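Encoded as structure tokens, the structure appears first; notes follow it.
Numbering (my numbering), first residue to last: 32 to 207.
Given below as structure tokens:
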């Protein structure tokens, strides 16, 4: 999957680290690799994650664990235009794999992305979803869903952020 895109963009493939890091579950694909040590480039890696969410109920407070498998791309210090063209290529590839035109719904505050997608038949909701690391806002998330009848299926999670003068653009694609 995505082999043509991996060749076209000269992408480096990283090893899947499993869903444990020490004694902890990996809850985010970013936890799988030391992204701050990666050089400029585009990286690909499949990743297993387990998200733990606490549900507030009247009498009990159980943990809810969700196992997820994702395909991940991480662009390090790449121009916005390349990142947007890359994302558009991925959306087209997902449609090819699905063998049909998909009804994408995009939630973002990224003006460059909005300008890039406005010509396509995507429904865009303009909303900022901040991304924090250690209580400090370093960037934003944006989400892409596929509308299928009355359902909205989460297909892509993206995170754009900047740390120590390096710019990161992470794309997590849920296995479908």
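For each residue, glycine too, the CB sits at the ideal point set by N, CA and C. Note that the structure is predicted; figures quoted are calculated from it, not measured.
- [ ] Between the Cα of residue 173 and those of 180, 190 and 64, spot the shortest distance and give me the residue it belongs to.
- [x] Of the candidates 180, 190 and 64, the one whose C-alpha sits nearest the C-alpha of residue 173 is 190.
Open item on the list: Within 8 Å, do at least three Cβ pairs link the stretch 98 to 108 to the stretch 155 to 168?
Closed with: no
TODO: Take the Cβ of residue 175 as the centre, count every other Cβ of all protein chains shown within 10 Å, and call the residue buried at 16 or more, exposed below.
DONE: buried
Task: Same chain only: Cβ atoms within 7 Å of residue 90, ignoring 5 sequence neighbours per side - done: With a pLDDT of only 45 at residue 90, under 50, the local geometry of the prediction cannot be trusted, and no value is derived from it.
TODO: Output the distance between the C-alpha atoms of residue 32 and residue 138, rounded to the nearest integer angstrom.
DONE: 25 Å
- [ ] Can you have a look at residue 201 and say buried or exposed, based on whether 16 or more other CB atoms are within 10 angstroms of its CB?
- [x] buried
TODO: Starting from the C-beta of residue 147, find all residues in its chain whose C-beta is less than 6 Å away, skip the five residues before and the five after it, and write them out in chain order.
DONE: Excluding sequence neighbours, residue 147 sits near 115.
Task: Reduced DSSP secondary structure (H/G/I, E/B, other) of residue 138 - done: Reduced to three states, the DSSP call for residue 138 is strand.
Open item on the list: At the level of alpha carbons, what is the spacing between residue 117 and residue 109?
Closed with: 11 Å
Task: Assigned secondary structure, residue 111 (DSSP; H/G/I helix, E/B strand, else coil) - done: The DSSP-derived three-state label of residue 111 is helix.
TODO: Counting only the same chain and skipping the five closest in sequence on each side, list residues whose C-beta sits under 8 Å from that of residue 34.
DONE: Hits under 8 Å: none found.
Open item on the list: Using only CA atoms, which one of 204, 40, 199 and 132 lies nearest to residue 179?
Closed with: 132
Open item on the list: Within the continuous alpha helix (DSSP H) that includes residue 130, where are the two ends?
Closed with: Looking at the DSSP string, residue 130 is not in any alpha helix (DSSP H), and its letter there is neither H nor E.
Open item on the list: Going by the DSSP bridge assignment, what does residue 195 pair with across the sheet?
Closed with: In DSSP, residue 195 forms no bridge with anything.
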